[in-house]
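J.: If you're matching positions, the sequence shown starts at 1 in full-length UniProt numbering and goes up one per residue. Ideal Cβ positions, reconstructed from N, Cα and C, are used throughout, including at glycine. All of these numbers come straight from a predicted model, not from anything done at the bench. What follows is a single structure, and I will ask about it in a moment.
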Amino acid sequence: MKSLSWNVRGLGSPRAVRRLRYLIKQQNPRLVFLMETKLDKTRMEKVRKSCGLFNGIDVEAEGTRGGLSLAWKDDIVVTLRSFSKWHMDVLIKEDGNQEDWRFTGPYGSPYLRDQNLVWNLLKRLSQEGNYPWLVARDFNEIMYSFEKKGWLPRDHKRMEIFRETNIKERLDRGVANDKWRNLFPLGNIHHLPNSTSDHCLLLISTDHASRIFRVRDFHFEVWWTIEDTFEATRKEFWESSSELLVDKLRNLQIGLTKWANTIKGKKGELRKQLTKELETLIKEDRDDDTLSNIIDTKIHLNLEIEKDEAYWKQRARVNWLKYGDRNMAFFHYCATTRRRANSISKLTLDNGKEISEESAIQEEAKLYFENLFTSKGVANPREILEGIEGSILVEVNERLQAPFKE
């Protein structure tokens, strides 16, 4: 999913509105957060709908100051938690994502007298809930003095307040907690150029859509062996082909992969369903049938938890924790951290140019290794050899260089 966050510095001119329409058409974001719209609610709603964004919340400006707008497409569900003239705080539900995540768009006032209000607001919001959380733009503050070049140095107390309020991990001009980074291990933020505002536009991606995925190699999954239908499925695919061994193996790989993909997507809902069933049974009056159902449900739920833990344990590449430990969060964190470490989202070339497109990164890496061991021409070794004393006698050297005779 793509999101845009931008301090537009006013949407009163047709040029600014055209630029906004162009960016939305070009990037196709599902969520758009705009600051300093400098419009009342009626005009902002009209601009928003002209951009094809019919779902939204608008906070009107105070005269020619401020103004916020949060808009989204129909394929995501947005639940409003709170809003003010300084912020928007919402929960987001994406298709195919079982867990909601939290987005907060603060607007850091450029006026010093108002900025402490924003930091106190963020401190309060940080204590509400335990969701995967992303905070993006516009802080109107820096974290460290080296982020500012020129003019007077920034007050250290204000930067310290920002770091205290900060949510652990900085993403360019956005910050996220560990739960958000684990939920979106390939999530990233890029600055986009614009011609109508002196503020950078942020493109937030949760799925790294520009990434080119190669065909994955076949990997046998440990959790398959715990599935009731695995043995029968394996036997069916193996015996369905009478070809050569290589063809039988390929047929088995394809069949098991399709079988696993079919049942894997239902695992999360099944665990939720079993948990609810167990809660309901525990509240009922106890008789023999109820106790029997409680035991069966517990066994089934524990088995599903073990399958999920086995899935993440295999990806964590650690063996010092026992298989029966209910420590799936540790395995999940190890696997997703390694996935982030193995990802290259940007390269800086020798000339200072930055590239972020996957195809360009692949081509640059290919050229680098092609040229790495390329010979630049054979140098004359005499200058080096002049300082080395010979150890082979002239007579011996002549015999070594003589033509070979049988």
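(1) Determine the direct distance from the alpha carbon of E284 to that of E357, and round the result to whole angstroms.
(2) Measuring only the C-alpha atoms, how far is L245 from R234?
(3) Please work out which residues of its chain come closer than 8 Å, Cβ to Cβ, to I76, disregarding the five sequence neighbours upstream and downstream, and give them in chain order.
(4) Hey, out of F230, E60 and D247, whose CA is closest to G12's CA?
(5) When the Cα atoms are used, what is the spatial distance from D308 to N293?
(6) Grouping DSSP H, G and I as helix and E and B as strand, with all else coil, what is H219?
(7) Whole angstroms are fine: how far does the CA of I344 sit from the CA of G187?
(8) Can you pull the DSSP bridge partners for A71?
(9) Could you work out which residue in T64, T290, L249 and K298 is closest to K272 when comparing CA atoms only?
(10) Please report how far the alpha carbon of K148 lies from the alpha carbon of L192, in whole angstroms.
(11) When DSSP labels each residue in this structure, what does F103 get in the three-state scheme?
(12) Hey, could you find the ends of the alpha helix (DSSP H) D247 is sitting in?
(13) Does the separation of the CB atoms of R21 and C51 fall below 7 Å?
(14) Give me the DSSP bridge partner(s) of D308.
(15) Go ahead and pull the three-state DSSP assignment for T42.
(16) Taking only three categories from DSSP, how would you classify T225?
(17) Specify the secondary structure class of N7 as computed by DSSP and reduced to three states.
(18) P106 CB to nearest chain C CB: under 7 Å?
(19) Check the C-beta distance from L347 over to I355 and give it rounded, since I have them as a contact under 8 Å.
(20) Taking the alpha carbon of V90 as the reference point, which residue from T104, F404 and E99 has its own alpha carbon closest?
(21) Can you grab the Cα-Cα spacing for the pair D287 / N302, in whole Å?
(22) Can you give the Cα-Cα distance for Q362 and F369, rounded to whole angstroms?
(23) Under a three-way DSSP split, which group does L202 fall into?
(24) Taking 8 Å as the limit between beta carbons, can you name the residues of its chain near I24, skipping five residues before and five after?
(25) Indicate the three-state DSSP secondary structure (helix, strand or coil) for D289 in the structure shown.
(26) State the DSSP-derived secondary structure class of A360, mapped to helix, strand or coil.
(27) Taking the C-alpha atoms as reference points, what is the distance between D58 and M44?
(28) How would you label Q401, buried or exposed, when you count the other beta carbons within 10 angstroms and need 16 or more for buried?
(29) Quick check on the burial criterion: 16 or more other C-beta atoms within 10 angstroms. Buried or exposed for I189?
(30) Can you tell me which residues form a DSSP beta bridge with T348?
(31) In angstroms with no decimal places, state the Cα-to-Cα distance between N380 and L249.
(32) With a 10 Å radius around its C-beta and 16 neighbouring C-beta atoms as the bar for buried, classify T37 as buried or exposed.
(33) Between the alpha carbons of G67 and N177, how many angstroms are there, rounded?
(34) Assuming contact is defined by CB atoms lying nearer than 7 Å, are L121 and W72 in contact in what I supplied?
(35) Using the three-state DSSP reduction, which class does F230 fall into: helix, strand or coil?
T.: So, from the listed chains and residues:
(1) Residue 357 sits at position 357 when you count from the first residue of the sequence shown. Residue 284 sits at position 284 when you count from the first residue of the sequence shown. So the alpha carbons of these two residues sit roughly 57 Å apart.
(2) As a working note, residue 245 is residue 245 in the sequence shown. As a working note, residue 234 is residue 234 in the sequence shown. Put simply, the backbone Cα of L245 is about 15 Å away from that of R234.
(3) Numbered from 1 along the sequence shown, position 76 holds the residue referred to as residue 76. Here the set comprises M1, R30, L31, I92, K93, E94 and D95.
(4) By 1-based counting over the sequence shown, the position of residue 12 is 12. Closest in C-alpha terms to G12, from the list F230, E60 and D247, comes E60.
(5) Reading the sequence shown from its first residue, position 308 is the one you call residue 308. Reading the sequence shown from its first residue, position 293 is the one you call residue 293. Using only the alpha carbons, I get a separation of about 23 Å.
(6) What you label residue 219 is simply residue 219 of the sequence shown in a count that begins at 1. Note: H219 maps to coil in three-state DSSP.
(7) Translated into the one-based positions of the sequence shown, residue 187 becomes position 187. Translated into the one-based positions of the sequence shown, residue 344 becomes position 344. Whole-angstrom Cα-Cα distance: 12 Å.
(8) What you label residue 71 is simply residue 71 of the sequence shown in a count that begins at 1. Answer is V32 and G56, bridged to A71.
(9) Here residue 272 refers to the residue found at position 272 when the sequence shown is read from its first residue. Looking at T64, T290, L249 and K298, the one whose alpha-carbon comes closest to that of K272 is K298.
(10) Here residue 148 refers to the residue found at position 148 of the sequence shown. Here residue 192 refers to the residue found at position 192 of the sequence shown. Summary for K148: the model assigns pLDDT 42, below 50, so the residue's position carries little reliability; its value from the coordinates is reported in the next sentence. About 20 Å.
(11) Walking along the sequence shown from the start, residue 103 turns up at place 103. DSSP places F103 in strand when its eight states are reduced to three.
(12) If you number the sequence shown from 1, residue 247 lands on position 247. Run containing D247: L245 to K264, per the alpha helix (DSSP H) assignment.
(13) Position 21 of the sequence shown, counting from 1, holds the residue named residue 21. Position 51 of the sequence shown, counting from 1, holds the residue named residue 51. Contact flag set, yes.
(14) Against the sequence shown, residue 308 aligns to sequence position 308. Paired residue(s): none; D308 is not in a bridge.
(15) For the purposes of this step, residue 42 is taken as the residue at position 42 of the sequence shown. Looking at T42 - three-state DSSP - the assignment turns out to be helix.
(16) Within the sequence shown, numbered from 1, the residue matching residue 225 stands at position 225. DSSP places T225 in helix when its eight states are reduced to three.
(17) Within the sequence shown, residue 7 is the residue found at index 7, counting from 1. Assignment of N7 by DSSP, reduced to helix, strand and coil, places it in the strand class.
(18) Looking for chain C here will not work: only one protein chain is present.
(19) In the sequence shown, counting from the first residue as 1, residue 347 sits at position 347. In the sequence shown, counting from the first residue as 1, residue 355 sits at position 355. A Cβ-Cβ separation of about 5 Å places L347 in contact with I355 under the 8 Å criterion.
(20) Here the question's residue 90 lines up with position 90 in the sequence shown. When only C-alpha atoms are compared, the closest one is T104.
(21) Numbered from 1 along the sequence shown, position 287 holds the residue referred to as residue 287. Numbered from 1 along the sequence shown, position 302 holds the residue referred to as residue 302. C-alpha of D287 to C-alpha of N302: approximately 23 Å in a straight line.
(22) The residue given as residue 362 occupies position 362 in the sequence shown. The residue given as residue 369 occupies position 369 in the sequence shown. As the crow flies, the alpha-carbon of Q362 is around 11 Å from that of F369.
(23) By one-based count along the sequence shown, residue 202 stands at place 202. DSSP places L202 in strand when its eight states are reduced to three.
(24) Stepping through the sequence shown from its first residue, residue 24 is reached at position 24. Cβ neighbours of I24 within its own chain (closer than 8 Å, five residues either side excluded): L4, V32, C51, G52 and L53.
(25) The count along the sequence shown starts at 1 and reaches residue 289 at position 289. In this structure, DSSP gives D289 a helical state, which the three-state scheme calls helix.
(26) By 1-based counting over the sequence shown, the position of residue 360 is 360. Three-state DSSP puts A360 in a helix.
(27) Taking the first residue of the sequence shown as position 1, residue 58 is located at position 58. Taking the first residue of the sequence shown as position 1, residue 44 is located at position 44. Looking at the two C-alpha atoms, the distance is approximately 7 Å.
(28) Here the question's residue 401 lines up with position 401 in the sequence shown. Here Q401 is exposed. Its C-beta has fewer than 16 other C-beta atoms within 10 Å.
(29) Working through the sequence shown from its first residue, we reach residue 189 at position 189. Taking a 10 Å sphere around the C-beta of I189, we find 16 or more other C-beta atoms and assign the residue as buried.
(30) Counted from its first residue, the sequence shown places residue 348 at position 348. E354.
(31) As a working mapping, residue 380 is identified with position 380 in the sequence shown. As a working mapping, residue 249 is identified with position 249 in the sequence shown. Between N380 and L249, the C-alpha separation is close to 56 Å.
(32) Residue mapping note: residue 37 aligns to position 37 of the sequence shown, counting from 1. Answer is buried; the Cβ neighbour count reaches 16.
(33) On the sequence shown, position 67 is the one that residue 67 refers to. On the sequence shown, position 177 is the one that residue 177 refers to. As the crow flies, the alpha-carbon of G67 is around 27 Å from that of N177.
(34) Within the sequence shown, residue 121 is the residue found at index 121, counting from 1. Within the sequence shown, residue 72 is the residue found at index 72, counting from 1. Against a cut-off of 7 Å, the Cβ pair of W72 and L121 comes out as no contact.
(35) Locating residue 230 in the sequence shown gives position 230, where the first residue counts as 1. F230 falls in the helix class under three-state DSSP.
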